[in-house]
Amino acid sequence: MSYYAFYVFAFIAIVSSLLVVGQKNPMHSVMLLIASFGALAGLYVLLDAPFTAVTQIIVYAGAIMVLFLFVVMLLNVPREEPTPASVSALLGPTGMRVGVVLSLLLAAEVVWAMSRVGVGVFSQGPGTASVSSVALIGRALFTRHAFAFEATSVLILVAMVGAVVLARREQH
Amino acid sequence: MVPLNHYLVLSGLLFAIGTAGVFLRRNLITVLLSIEIMLNAVNLTFVAVGRYLNTVDGQIITFFVMTVAAAEAAVGLALVIALFRHRETLNPDAFTSLKW
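Protein chains in written order, with the working numbering: chain A, -14 to 157; chain H, 1080 to 1179.
Structure representation (C-alpha cells):
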C-alpha cells in the first residue's frame, strides 16, 4: 500500500516540477508548484512526519505561493521575452543546449551518488513513534535549538524590513 | 515501506530539475520557483534521513529551511518588483548594468 502511495506521490512531484520548468506562463508554473508541494507533503506523511507535512502545506503551499501569485498578478507578464541577440552567444540556442546537457549530467551524477548509499531499510516498531511526535519536536526546538529558533525570528524581521524597503516606491 | 535510497534518488531528481530551471529559464519568477524546488528536494532528504536514523533533527532543520525559504522568497520578490519598475522586463539578461 505505502509502496503505491510513494510511487504515485513521486510521479506527481517529478511531473509537476518538470512542468513548472517547462511552462511559459508563470501563473501556470506557480499552480503546478503547489501540486508538487502537495505531493511532497504526502511523502512526509509516509515518512512519519505529520508536523512537517502540515507545515509544508501551510507555509509553502499557503503563504509562499500566495506571495508568488501576488507578484505574478501584480507584474502581469504572461510570457517570456526572447533574449536580444546582442547580449551573448552563450544565451542563444547553443547555450540552451549546453544548459540541458549540464542539467542531465547533474541528474545522472546525483542519482548515481544517491543510489550508492545502500538500500537503507527503515526500522519499524515502537521506537519509530518518537520521530512523529510533535511534542518531541517542540521540546527539541525550544531547548537544544533555542538559539537557532530565536535567530530565525531576527532573520524574518530583517527580511520583512528589507522587502518593504526594496519594494517601496522612492519619493522624488 | 519503501527503502531510503528511493527517497534519496527522488530528491536528487527534483534537485536536478530545479537546477535545470535556474540554468534554462529566462524569467526571474520562474528562476525563484526553481530555487524553491531545489530547497524542497533538500528538505525531503533531511526528513527521509531523519526518519532512517530515528531522530527528529531532520524535521527541525527542515523547519529552519522553510523559514529561510520564506525570507528568501519575500526579499527576492521585492527585488523582482524593484527591478521590473526600472526596466519593465523580467528577463535576467536585461540587468547588466553592473557587468564589467
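Where is the CB? At the ideal position from N, CA and C, for every residue including glycine. All of these numbers come straight from a predicted model, not from anything done at the bench.
| Query | Result |
| --- | --- |
| Could you list the residues in the stretch 1102 to 1115 of chain H with a C-beta less than 8 Å from some C-beta on chain A, going in chain order? | Phe1102, Leu1103, Arg1104, Arg1105, Asn1106, Ile1108, Thr1109, Leu1111, Leu1112, Ser1113, Glu1115 |
| Please determine if the stretch 5 to 17 of chain A and the stretch 1106 to 1114 of chain H are in contact, where contact requires at least 3 C-beta pairs separated by less than 8 Å. | yes |
| At the level of alpha carbons, what is the spacing between Asn1084 (chain H) and Val104 (chain A)? | 5 Å |
| Take Leu52 (chain A) as the anchor and find which of A:Ser138, A:Arg154, A:Ala148 has the nearest alpha-carbon. | A:Ala148 |
| Would the beta-carbon of Phe134 (chain A) fall within 8 Å of that of Leu126 (chain A)? | yes |
| What residue from A:Tyr(-8), A:Leu28, A:Tyr45, A:Ser108 has the CA that sits closest to Leu18 (chain A)'s CA? | A:Tyr45 |
| For Ala1157 (chain H) and Thr1146 (chain H), I'd like the C-alpha separation in whole angstroms. | 17 Å |
| In chain H, which residues lie with their C-beta within 7 Å of the C-beta of Met81 (chain A)? | Leu1103 |
| Looking at the unbroken alpha helix (DSSP H) that takes in Thr37 (chain A), where does it start and where does it end? | 35 to 40 |
| Select from H:Met1080, H:Gly1097, H:Val1081, H:Pro1082 the residue whose C-alpha is nearest the C-alpha of Val95 (chain A). | H:Gly1097 |
| Taking 7 Å as the cut-off, is the C-beta of Pro78 (chain A) nearer than that to any heavy atom in the ligand COA? | With respect to the ligand COA, the structure shown offers nothing to examine, as it has no ligands at all. |
| Consider the Cβ of Leu151 (chain A): report whether some Cβ of chain H lies at a distance smaller than 8 Å. | yes |
| To which residues of the same chain is Ala1023 (chain H) closer than 7 Å at the C-beta, ignoring the five residues directly before and after it? | Outside the modelled stretch of chain H, which goes from 1080 to 1179, sits residue 1023 (chain H), for which no answer is possible. |
| Rounded to whole angstroms, what is the Cα-Cα separation between Trp97 (chain A) and Arg129 (chain A)? | 35 Å |
| If distances are taken between C-alpha atoms only, which option among A:Ala38, A:Thr37, A:Ile(-1), A:Leu32 comes closest to Ser21 (chain A)? | A:Ile(-1) |
| Counting only beta-carbon separations shorter than 8 Å, does Phe1187 (chain H) have a partner in chain A? | With chain H represented from 1080 up to 1179, any question about residue 1187 (chain H) goes unanswered, as that position is not in the structure. |
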